[in-house]
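Q: Going by the UniProt record's numbering, the sequence shown opens with residue 1, and the numbers climb by one from there. What follows is a single structure, and I will ask about it in a moment.
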Amino acid sequence: MSQVDIPAGQSVKPVARHASMASRPAAAGPRPNRRDRRDLKALICVVVLLLVAMQVASGYVPDYVMPSPEAIAKALAGLFGTDLVHVAITLARLAAAIVFSALAGVIIGLLMGTSKRVGPYLKAVVIIDTGIPALSWMLLAVFWFKDPEARIFFILAVILLPFYALNVYEGVRALSAEWVDMLESFRPSRWQMLRFLVAPHIIPYIFLTTKSVIGYAIRMVIFAELVASAVGIGSRMSFAQSTFRIDQVMAWTFLLVMLNLVFQWLAGWAERRFLGWRKEAQVR
């Protein structure tokens, strides 16, 4: 073995075994960035402007047209004291429908994108489903199901499921052919292909779909409760409308907006948690 001559007066510093790894920056955790802070400031400004506009409008029109923010706040406090069970029922219905739609939609989307036999038929069914109005599903559910819970679950499932199925299908289609060829060179099984390539690739599409359908799902569950149930936020809003309590209608609306904001934040937090490795592009 050849030896290296070291000049006199100089010493060799030991090199760490994993120096290259130590020089890499540590992976940043899911922290709110500047864009999140800007979005929060913008949201606060918009809410303040809306409250000011409502206060001004309430001074020129009757209370049954536009109540003041103070009256809405009192009605909201009253709802928290008497109607929390209806809020819990609506949230349970919403959570069950979204979880089922996500699981079933992901499976159907994967079959649409990976199976040449059943994929085209599933795609045709999903496309037909997207063309059926939500009101048609609601009216059919009233005729088909006696149980109100079954009605609402069916309505939400058939409306939300196509969003997940189509987005997952597009995610599978967007897979890079080079990645597929590279992984196939190792002769993986079908399960390994799904686990190591397809599943990590479609996770961002699942989060994107969830954030997109949260607000839509809230509107649909309220509409479904209005038509097919006697309990829940939708039924309470209908009761408030029938008794000319516009302040309660506005209070329920404000509560739904707050719930939507909370769910959007939770979805964004989960996305940053599971996809923290992904860099976010900043367009300047």
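All C-beta atoms, glycine included, are put in the ideal place defined by N, C-alpha and C.
1. So is arginine 93 buried or exposed if we call it buried at 16+ other beta carbons inside 10 Å?
2. Taking the straight line between their C-alpha atoms, what separation do you get for isoleucine 89 and valine 180?
3. Does the beta-carbon of tyrosine 205 have 16 or more other beta-carbons within 10 angstroms, so that it is buried, or is it exposed?
4. Should residue 302 be labelled buried (16 or more other beta-carbon atoms within 10 Å of its own) or exposed?
5. Taking the C-alpha atoms as reference points, what is the distance between residue 289 and valine 87?
6. Per DSSP, what kind of secondary structure is isoleucine 202 in: helix, strand or coil?
7. Does the Cβ-Cβ distance between alanine 97 and alanine 165 come in under 9 Å?
8. At which residue ranges does the stretch 41-89 contain complete alpha helix (DSSP H) runs of 4 or more residues, listed in the order of the chain?
9. Helix, strand or coil for serine 238 per DSSP?
10. Given 8 Å as the limit, is there contact between the stretch 108-123 and the stretch 170-185, that is, 3 or more CB pairs closer than that?
11. Three or more beta-carbon pairs under 8 Å between the stretch 227-234 and the stretch 137-156, yes or no?
12. So what does DSSP say about leucine 140, is it helix, strand or coil?
13. Within its chain, find whatever has a CB closer than 8 Å to the CB of proline 25; leave out the 5 residues flanking it on each side and keep chain order.
14. In this structure, does DSSP put threonine 243 in helix, strand or coil?
15. So what does DSSP say about phenylalanine 196, is it helix, strand or coil?
A: The structure says:
1. Taking the sequence shown and counting its residues from 1, the one referred to as residue 93 is at position 93. Arginine 93 should be labelled buried.
2. Position 89 of the sequence shown, counting from 1, holds the residue named residue 89. Position 180 of the sequence shown, counting from 1, holds the residue named residue 180. Cα to Cα, the separation comes out at about 45 Å.
3. Looking up residue 205 in the sequence shown gives position 205. Tyrosine 205 should be labelled buried.
4. Summary: the structure shown does not reach residue 302, with the chain confined to residues 1 through 284, and so no result is reported for it.
5. With the chain represented from 1 up to 284, any question about residue 289 goes unanswered, as that position is not in the structure.
6. Here residue 202 is taken as the residue at index 202 of the sequence shown, counted from 1. Residue state, collapsed to three classes: helix.
7. Within the sequence shown, the letter at position 97 stands for residue 97. Within the sequence shown, the letter at position 165 stands for residue 165. Contact: no.
8. 69-82
9. Mapped onto the sequence shown, residue 238 falls at position 238. In the structure shown, serine 238 sits in a helix (DSSP, three-state: H, G or I).
10. yes
11. yes
12. For the purposes of this step, residue 140 is taken as residue 140 along the sequence shown, with counting starting at 1. In the structure shown, leucine 140 sits in a helix (DSSP, three-state: H, G or I).
13. Here the question's residue 25 lines up with position 25 in the sequence shown. Low per-residue confidence applies at proline 25: pLDDT is 42, beneath 50, and the placement is therefore not dependable, though the value from the model is reported in the following sentence. Nothing listed; no residue qualifies.
14. Here residue 243 refers to the residue found at position 243 when the sequence shown is read from its first residue. In the structure shown, threonine 243 sits in coil (DSSP, three-state: anything other than H, G, I, E or B).
15. Your numbering for residue 196 matches position 196 in the sequence shown. Here phenylalanine 196 sits in helix by DSSP.
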